[in-house]
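Every position in the sequence shown, counted from 1, becomes a number in our numbering once 4 is added.
Built from N, CA and C at the ideal position, the CB exists for glycine as well.
Please read the structure below before turning to the comments.
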Amino acid sequence: MALTVACDHSRLVTLDEFIDYVHANVDLKDMDSVAAAAPMLRGLANERELVVRRLNQQVKENFRSQVVPNTQTLFLGDGRGFYVRANIWPSNADLASGRVYQDQFTYNIAHDNNYNFMTVSYYGPGYITEIYQYDFDRIEGYAGEKVDLRFAERVHFTQGMVMLYRASVDVHTQYPPDDLGITLNFMVATPDVQLRDQYFFDLEQGTILDLPGESDASRRISFLKLAGHVGDGNTQQLLDDLSQQHPCRRTRLAACDSLSRLSPADAIRVWERACRDKEPLVVHAARRRLQAATGQ
5 MALTVACDHS RLVTLDEFID YVHANVDLKD MDSVAAAAPM LRGLANEREL VVRRLNQQVK
65 ENFRSQVVPN TQTLFLGDGR GFYVRANIWP SNADLASGRV YQDQFTYNIA HDNNYNFMTV
125 SYYGPGYITE IYQYDFDRIE GYAGEKVDLR FAERVHFTQG MVMLYRASVD VHTQYPPDDL
185 GITLNFMVAT PDVQLRDQYF FDLEQGTILD LPGESDASRR ISFLKLAGHV GDGNTQQLLD
245 DLSQQHPCRR TRLAACDSLS RLSPADAIRV WERACRDKEP LVVHAARRRL QAATGQ
């Protein structure tokens with residue numbers, strides 16, 4: 005299950021101290037090493053001016069330029085392969101009143117993450133979270149696919165608690181707190197896990213519901229769809245290269261779709277080649293596209 009880390013660090017840790025500590029002591033690919041940073045993250049939560057300083061700075065920057073800021077996340081700082089952010093969690097009353105836009109917050113829907121992160125409850129009463137586990141390597145990743153989701157625990161994430169979530173292992177559903185809350189997140193952004201899919205899950209049916217619309221893969225797919233509508237000869241070559249070489253399976257599949265749209269005469273060749281892809285998700289989709297194209 006996601007690891008609840010017991011630690012009580014009374015010393016105040018500054019953001020610079022935390023970043024320096026991670027650089028010097030943490031192997032970002034080793035979850036035990038990441039977990040060992042829990043006391044330092046807990047100490048960072050003792051820095052009670054940290055979030056308000058960044059909030060004031062963002063208000064000055066954004067509202068002078070009339071740019072609407074992100075209402076959930078404040079970027080605090082970063083290092084090599086990681087960054088620190090504050091997440092703001094509005095209450096049930098805020099959502100019900102319409103004062104905040106609910107779709108920006110991942111409440112009431114089970115999801116995993118394609119990154120490892122450790123989080124500490126910084127302010128407020130804290131949200132409730134239900135945690136499940138699944139085996140990423142045992143699924144293909146299509147909507148409606150059955151997934152063995154195993155319930156682990158239900159946690160009230162109260163102030164000072166620290167939890168570690170593992171990429172593509174831990175699934176959680178968050179429920180709005182009774183009053184506004186803030187968490188500090190130590191985000192581990194290693195490329196090896198960021199290329200994985202992230203999923204929404206239907207807990208009642210035990211299936212994959214969809215991919216988050218704001219995931220990196222979803223943004224790449226949307227961009228490639230646009231290329232399939234308005235591209236030219238140069239775009240075809242770029243799509244052809246991506247369909248074979250990009251490390252993300254959904255990106256390869258989207259490149260095949262857009263290439264087939266731009267150049268219908270090449271569609272059979274594109275899908276025959278995709279049938280030899282290393283990922284079952286791509287292979288099965290390619291077979292369906294090929295069957296539709298040939299009528300067989």
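Contacts around residue i, its chain only, beta-carbon distance under 7 Å, and the 5 residues preceding and following it disregarded
i: Asp261; result: Gly232
i: Lys150; result: Gly210 and Thr211
i: Tyr136; result: Ala114, Leu153, Arg154, Phe155, Ala156 and Val175
i: Thr110; result: Gln178
i: Glu307; result: Since the displayed the chain opens at 5 and closes at 300, residue 307 lies outside it and no answer follows.
i: Arg223; result: none
i: Arg291; result: Cys279
i: Asp183; result: Ser95, Gly128 and Pro129
i: Gln198; result: Asn118, Tyr119 and Asp220
Where residue i falls, given that 16 or more other Cβ within 10 Å makes a residue buried
i: Gln249; result: exposed
i: Arg308; result: The first residue shown for the chain is 5 and the last is 300, placing residue 308 beyond what the model contains.
i: Ser95; result: buried
i: Tyr138; result: buried
i: Phe190; result: buried
i: Thr123; result: buried
i: Gly235; result: buried
i: Leu257; result: buried
i: Ser247; result: buried
i: Leu78; result: buried
i: Arg89; result: buried
CB contact check: residue i to chain D, cutoff 9 Å
i: Leu19; result: In the structure shown, chain D does not exist; there is a single protein chain.
Integer-rounded CB distance, given that residue j should sit under 8 Å from residue i
i: Ala297; j: Ala271; result: 5 Å
i: Trp93; j: Pro181; result: 6 Å
i: Val166; j: Phe86; result: The pair is not a contact, with the Cβ atoms about 16 Å apart (cut-off 8 Å).
i: Cys252; j: Ala221; result: 6 Å
i: Thr133; j: Val159; result: 5 Å
i: Phe205; j: Ser172; result: 12 Å between Cβ atoms; not a contact.
i: Asp98; j: Tyr203; result: Going by Cβ atoms, the distance from Asp98 to Tyr203 rounds to 27 Å, so no, they are not a contact pair.
i: Leu243; j: Leu266; result: 7 Å
Counterpart residues of residue i in DSSP-defined beta bridges
i: Trp93; result: Gly185
i: Gln137; result: Arg154 and Asp174
i: Val192; result: Phe86 and Asn120
i: Ser125; result: Thr187
i: His115; result: His176 and Phe204
i: Thr298; result: Answer is none; Thr298 lacks a bridge partner.
i: Asp214; result: Phe204
i: Phe161; result: Bridge partners of Phe161: none, in fact.
i: Phe79; result: Arg89
i: Tyr1; result: Residue numbering for the chain in the displayed model covers 5 to 300; residue 1 lies beyond these limits and cannot be assessed.
i: Thr8; result: Met167
i: Ile132; result: His160 and Tyr179
Beta-carbon proximity check, residue i vs residue j, cutoff 9 Å
i: Tyr179; j: Asn120; result: no
i: Asn118; j: Asp174; result: no
i: Ala259; j: Leu285; result: no
i: Ala49; j: Tyr126; result: yes
i: Leu188; j: Val63; result: no
i: Leu263; j: Ile113; result: no
i: Ile186; j: Asn60; result: no
i: Pro216; j: Thr162; result: no
i: Arg58; j: Leu80; result: yes
i: Thr239; j: Leu32; result: no
i: Val38; j: Val30; result: yes
Spatial neighbours of residue i in its chain, beta-carbon cut-off 6 Å, leaving aside the 5 residues before and after
i: His13; result: Pro43, Arg46 and Gly47
i: Gly83; result: Ile23, Val26 and His27
i: Asp20; result: none
i: Leu294; result: Trp275
i: Ala147; result: Ile212 and Asp214
i: Thr8; result: Met167
i: Glu208; result: none
Residues near residue i by beta carbon distance below 8 Å, same chain, minus five either side
i: Ala40; result: Asn29 and Val30
i: Val287; result: Ala278, Cys279, Arg280 and Asp281
i: Ile225; result: Arg254, Thr255 and Ala258
i: Arg15; result: Gly47 and Asn50
i: Gly11; result: Residue identity differs from the one stated: residue 11 is Cys in this sequence, not Gly. So the list reads Ala42, Pro43, Arg46 and Val166, once near-sequence residues are dropped.
i: Ile143; result: Glu149, Val151 and Ile212
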